[in-house]
Amino acid sequence: MSGTLEGRLAASSVPARPSIARRVLGSQSSGLLAANVALFVALAIGAPGFFSSANFESTATLAAYTGVMSAVATLVLISGGLDLSVGAVAVFAGQGCAIALENGWSTWAAIGAALAIGAGAGAVNAGFIVGLGINPLIATIGTAFVLRGIALGWTDGSSTIIEDQTILDLGAATWLGIPEATFIMLCVFAAVGFVLRFTRLGSNFLAAGSNAIATRRAGVPVWRTLTTVYLFSGVSAAFAGLMLIGFQGASIPYAAVGIELTVLSAVVLGGTGLVGGSGSVLGTLLGVVLLAIVASGLTALSAPAYWALIVTGVVLILAMAIDDVRHRRGALR
Amino acid sequence: MSDKSTAVFEGRGLSKHYGPVVALDNVDFAIHPGEVVALVGDNGAGKSTLVKILAGAVLPDEGDIFFRGDKVSISNPHDARERGIETVYQDLALVPARDTTANMFLGRELLYGGVLRPLCILKRRAMVKFTEDRLRELGITLPSATGVPVERLSGGQRQAVAVARASAWAKNVLFMDEPTAALGVQQTTAVLELVKKVAAQGIGVVLITHIMPHVMDVADRLVVLRHGHKVADIPSDGVTTDQLVRLIVGFDPEDNPQLAHGRDAEPAGAPGSEALR
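Residue numbers (our numbering), protein chains in the order written: chain A, 399 to 731; chain B, 337 to 613.
Encoded structure:
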């Protein structure tokens, strides 16, 4: 059933090689795409204010901020890793940028400082996970706690107002009615997709996630591959942190609590497994969009905010269940 | 010791202990260009340890390794690979979620040069073509060299992929750990044909196997290990399966009276390389 739809999609996009098309538009991606379209149409018709440019702009900007982290989180999961420190890194790096600006640093120096914080956090995570062999779940939860603590202590829990226009534009400017942040997110997705599909680094991410021992035996410096992925994750989280402070107009140390789980949900919804070795960047994009539509739609329907959490959870489990059933059927064949 | 030509790769006095367990004790092992050596022995005889040492996966406690007569240090698999020494491990060392082409080129991908070089962009098409050619050369039939993860191939097909990969890169020596254990009759024949082809190109092939008829068909020389010792290093001509089995199990009346009793009718078959020469 799903095969025919998938086949049709595949045939229309990349006729010469169905195998690549399958990877790009995997079965879960086509289902997700359908779910996205259906939800969007239903909400556009049924929810007042959903189909408006104001709602689109704010929804797309928020989605971009999770999207940047989710795109790179796809690489982390594909490599067999996990990074639950992205929310803390985003907040901490954003705060670093805000404080640097407050102290008279130039825009680019402050942005550089934020990205350096992200790279540093990624390096620390890599040191624990790759160097010391600590489980990534534990290691990144640990760094998340520490970074949250430092962020709160740095300003004693108070926020830092952003006045720099470049940063504010990250969260507010639009080009042709589309948020600047959305363009940035799409660029990040394109870059991640390119790396994964066309470069040796992407090939090594996939190989290390599928069988790290065999990959090492084949001469690939797996430790370097995995260090790279955590550096990417840290830097992308820091960049998302810049988008966040731009959107909020301030660095708020209490912000983005639990965002790492939203990121993880988007990636898993997109069909990337937790075991590593395979995944879909396009799927993650669709997952990000789906979660954004759900949250925005519920707001437009004036549902209380907690419903977004409940619906997100249900959607995630449902998606996993559907995927599991599909896999078992595949295995029986 | 064989002295028909200079050994391309040689280990002398190799020993390896795992705690109190002697895995390998003072073993000499030489491989000459273009010969097929069968390395045989019972479970725990030291075959895998010997191959792992020579392939750089395990460091010996004692002993030296020589490449084309020069003493070399093989401290990791990369050192061995650099000298054109490849291994097909029994677990195949394939990456299950990747396709045949990606496995074939794992760690040695073809990349675009020039300005694109720093980006390390894969020459996917060239790699697929090479893989397809290689598979065709060896008579290996797969659903596709691209797009199908090797985890979706049969056990025999996976073995074939691993053999194709190692033989594509082995310039001097190819170690194969039980290469036919998981194969069907047709694929076994194909792999043994492949072994002969590889050897004909001047590459020394070492088969680690316990499947006797194959050994006899293909090997030029037999090396038998027992309890970490080398008990025979002989040309395979004229050696019967029965004689080989006795070398492997170690026909020794004092160690194993029951076995000795069963063999009483044939006392002349006392084992040892001397008896067989």
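Heads up, the beta-carbon is just placed ideally off N, CA and C, and yes, glycines get one too.
Computed from a predicted model, the values in this text were never measured in an experiment.
A direct Cα-to-Cα measurement between Ile708 (chain A) and Met718 (chain A) gives close to 16 Å.
By the C-beta density criterion, Phe543 (chain A) is exposed, having fewer than 16 other C-beta atoms within 10 angstroms. Around the beta-carbon of Asn501 (chain A), fewer than 16 other beta-carbon atoms lie within 10 Å, marking it exposed. The count of Cβ pairs closer than 8 Å, one atom from the segment 547-554 of chain B and one from the segment 356-365 of chain B, stays below three, leaving the stretches out of contact. In its chain, beyond the 5 residues on either side, Gly475 have a beta carbon closer than 6 Å to the beta carbon of Ala526 (chain B). According to DSSP, residue pairing for Phe345 (chain B) in a beta bridge involves B:Ile367, B:Phe403.
Within the same chain, Leu513, Gly516, Ala517 come within 6 Å of Val633 (chain A) by CB-CB distance, once the 5 residues on both sides are set aside. Taking all protein chains in view, the Cβ of Thr576 (chain B) is surrounded by fewer than 16 other Cβ atoms within 10 Å, so the residue is classified as exposed.
With a 10 Å radius around the Cβ and a threshold of 16 neighbouring Cβ atoms, Thr541 (chain A) comes out buried. Assigned with DSSP and collapsed to three states, Thr572 (chain A) falls in strand. By the neighbour-count criterion, in which a residue is buried when 16 or more other Cβ atoms sit within 10 angstroms of its Cβ, Ile584 (chain B) is buried.
Lys352 (chain B) has B:Leu360 as its beta-bridge partners, per DSSP. In this structure, Leu683 (chain A) sits away from Phe526 (chain A), with a CB-CB distance that is not shorter than 8 Å. In the displayed model, Phe448 (chain A) falls within coil according to three-state DSSP, outside both helix and strand. In the DSSP secondary-structure assignment, Val408 (chain B) is bridged to B:Ile401. Unbroken alpha helix (DSSP H) runs of no fewer than 4 residues, entirely contained in the segment 493-532 of chain B, are not found. Taking a contact to require three or more Cβ pairs closer than 8 Å, the segment 535-547 of chain B and the segment 361-375 of chain B qualify as touching. Following the DSSP letters along the chain, one finds Ile536 (chain A) inside the alpha helix (DSSP H) bounded by residues 534-552. Between Thr464 (chain A) and Thr660 (chain A), the gap from beta carbon to beta carbon is short of 8 Å. A distance below 8 Å between beta-carbons, with the five flanking residues on each side excluded, links Ser451 (chain A) to the following residues of its chain, in chain order: Gly575. Identification of chain A residues near Arg417 (chain B) by a Cβ-Cβ cut-off of 8 Å yields Gly617, ordered along the chain. For Asp573 (chain B), no alpha helix (DSSP H) run applies, since DSSP gives it neither H nor E.
Residue state for Ile650 (chain A) is assigned as coil, using DSSP reduced to three classes. According to DSSP, residue pairing for Lys566 (chain B) in a beta bridge involves B:Leu561.
For the 8 Å CB-CB criterion, Val363 (chain B) and Leu375 (chain B) do not form a contact.
Val687 (chain A) and Ser468 (chain A) do not touch by the CB rule: their CB atoms are close to 10 Å apart, not below 8 Å. In this chain, Glu422 (chain B) is not harboured by any alpha helix (DSSP H); it is covered by the beta strand (DSSP E) spanning 421-424.
Within chain B, no residue has its CB atom less than 8 Å from the CB of Arg622 (chain A), the nearest being about 12 Å off. Remark: C-beta atoms of Ala579 (chain A) and Val489 (chain A) do not approach each other more closely than 8 Å. Of the candidates A:Ser700, A:Ala519, A:Phe637, A:Ala471, the residue whose Cα lies closest to the Cα of Ile582 (chain A) is A:Phe637. Listed along the chain, the chain A residues whose CB falls inside 9 Å of the CB of Leu447 (chain B) are Thr597, Arg598.
When only Cα atoms are considered, Gly647 (chain A) and Ala524 (chain A) end up about 32 Å apart. For Ile544 (chain B), the enclosing beta strand (DSSP E) covers residues 540-544. Assignment of Thr477 (chain B) by DSSP, reduced to helix, strand and coil, places it in the coil class. In the structure shown, the three-state DSSP call for Ala514 (chain A) is helix. With respect to chain A, the C-beta atom of Arg494 (chain B) has no partner C-beta closer than 8 Å.
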